[in-house]
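Input: a single structure, listed below in structure tokens.
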Amino acid sequence: MEKLIENFIYKGQIMSIEEIIKQKAKKEILEDENFIESGAIDSLSFIEIIEELENRFNKTIDFDKVEPEKLTSIKGLKEYFNVE
Amino acid sequence: MWNKVYEKEFIFAPECYKSCNSYCCNNFFGEYFSFLDKEAVILPLIDEEYEVYKKRGGIKNITETKKEITFNDNKKLTLYLLKCKEHGLCSPHNNRPFICRIYPYLPKVDLEGNIEGLLYASLIDNIIEKNYHPCPLTKQNDIKEELLNNLKDIKFTPKTILALKLAELLIIYLQKEIKEFINEKNKALVIKKFEKIFLGNKIFKNEQFKKEANEIYMKMKKRYGEFL
Numbered sequence: 024m025e026k027l028i029e030n031f032i033y034k035g036q037i038m039s040i041e042e043i044i045k046q047k048a049k050k051e052i053l054e055d056e057n058f059i060e061s062g063a064i065d066s067l068s069f070i071e072i073i074e075e076l077e078n079r080f081n082k083t084i085d086f087d088k089v090e091p092e093k094l095t096s097i098k099g100l101k102e103y104f105n106v107e
Numbered sequence: 004m005w006n007k008v009y010e011k012e013f014i015f016a017p018e019c020y021k022s023c024n025s026y027c028c029n030n031f032f033g034e035y036f037s038f039l040d041k042e043a044v045i046l047p048l049i050d051e052e053y054e055v056y057k058k059r060g061g062i063k064n065i066t067e068t069k070k071e072i073t074f075n076d077n078k079k080l081t082l083y084l085l086k087c088k089e090h091g092l093c094s095p096h097n098n099r100p101f102i103c104r105i106y107p108y109l110p111k112v113d114l115e116g117n118i119e120g121l122l123y124a125s126l127i128d129n130i131i132e133k134n135y136h137p138c139p140l141t142k143q144n145d146i147k148e149e150l151l152n153n154l155k156d157i158k159f160t161p162k163t164i165l166a167l168k169l170a171e172l173l174i175i176y177l178q179k180e181i182k183e184f185i186n187e188k189n190k191a192l193v194i195k196k197f198e199k200i201f202l203g204n205k206i207f208k209n210e211q212f213k214k215e216a217n218e219i220y221m222k223m224k225k226r227y228g229e230f231l
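Going line by line, the protein sequences match chains A and B.
If you read the first sequence in my numbering, its first letter stands for residue 24, the second for the next number, and so on.
If you read the second sequence in my numbering, its first letter stands for residue 4, the second for the next number, and so on.
In structure tokens form, the structure reads like this:
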């Protein structure tokens, strides 16, 4: 499947997944860092991020089928939502 | 209503924490959590309570996030979720939210705001500790009477009634989702399921839940007019 353009409108601004995560983060995050484990993103912010990304990409995540661990890094989210 | 709530104590049990290691203010299920905060308890406040809570200065060291529940007419009920890691030592203690003041119970109300019964205040207690609640106050029937008596002069606002009705509905749906996983011997499995439900916002995405939530809201709108 052709990859989506990563940038999309988020709260009135054009932002990438990376920028959204970094905006919510309490500290710098690396692409493959587990941001929950490192404490950069807290659980409530993670739920907000998931909800936002689902709405933006029009794709629902079924956590009965996807292990949440796969979505706790910028890299994992990009892969799941199939963006560059 | 909310100023009155914050000037009142609903349950008087100053030493109860000594026999349960402050169950109400600690996350006793934290050890099983992989994603949700292992230490925190989450305290929901509707916006009108939040305004009063904030005006009084709130509680130190508490972080918060906002959640909006949108109904079919695009009106929203705004909830603030306070993340508390104070383990019972919150300061100032008399600024603690309504949910803490009425713990271990939550009123079950009709559309007029009349109290029909009591649910447990914490979602997890309505599911996992339904049959054996660790809070010592649940073993005392006079506490229920005391709470109901102290709630008598509180006139719930339409938003509060809606929030309480939605909490009741949420508990019903959570119980349905978790039912097959309930197994005292394997709490880790139940908590994992609970976490996944929350991470994926599963109940709020459930079409039947949305339908029933909207029906409650529409009935209230008919009864009270616009209130959101």
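No residue lacks a Cβ here, since even glycine has one placed at the ideal position from N, Cα and C.
| query | result |
| --- | --- |
| Nearest-angstrom beta carbon gap, B:ILE181 and B:ILE130 [assumed within contact, 8 angstroms] | 5 angstroms |
| Nearest to B:ASN168 (by Cα), restricted to the options B:VAL112, B:TYR176, B:GLU183 | First, the amino acid is wrong: residue 168 of chain B is Lys here, not Asn. Here the closest residue by C-alpha is B:VAL112. |
| Classification of B:THR73 by the beta-carbon crowding that lies within 10 angstroms, buried from 16 upward | exposed |
| B:THR163, buried or exposed, once every other Cβ within 10 Å from all chains shown has been counted against 16 | buried |
| Minimum Cβ-Cβ distance from A:PHE58 to chain B less than 9 angstroms | no |
| Residues of the segment 15-44 of chain B with Cβ closer than 9 angstroms to any Cβ of chain A, in chain order | PHE36, SER37, PHE38, LEU39, ASP40, ALA43 |
| Interface residues of chain A facing B:THR68 [CB-CB closer than 9 angstroms] | ASP65, LEU67, SER68, ILE70, GLU71 |
| Option nearest B:ILE62 by Cα separation, candidates B:PRO100, B:ASN152, B:ILE174, B:ALA191 | B:PRO100 |
| Test: A:ASP55 CB closer than 9 angstroms to a CB of chain B | no |
| B:PRO137 vs B:CYS28 beta-carbon contact at 9 angstroms | no |
| Simplified DSSP state of B:GLU183, which is helix, strand or coil | helix |
| Closer than 8 angstroms at the beta carbon, the chain B residues around A:GLU74 | ASN204 |
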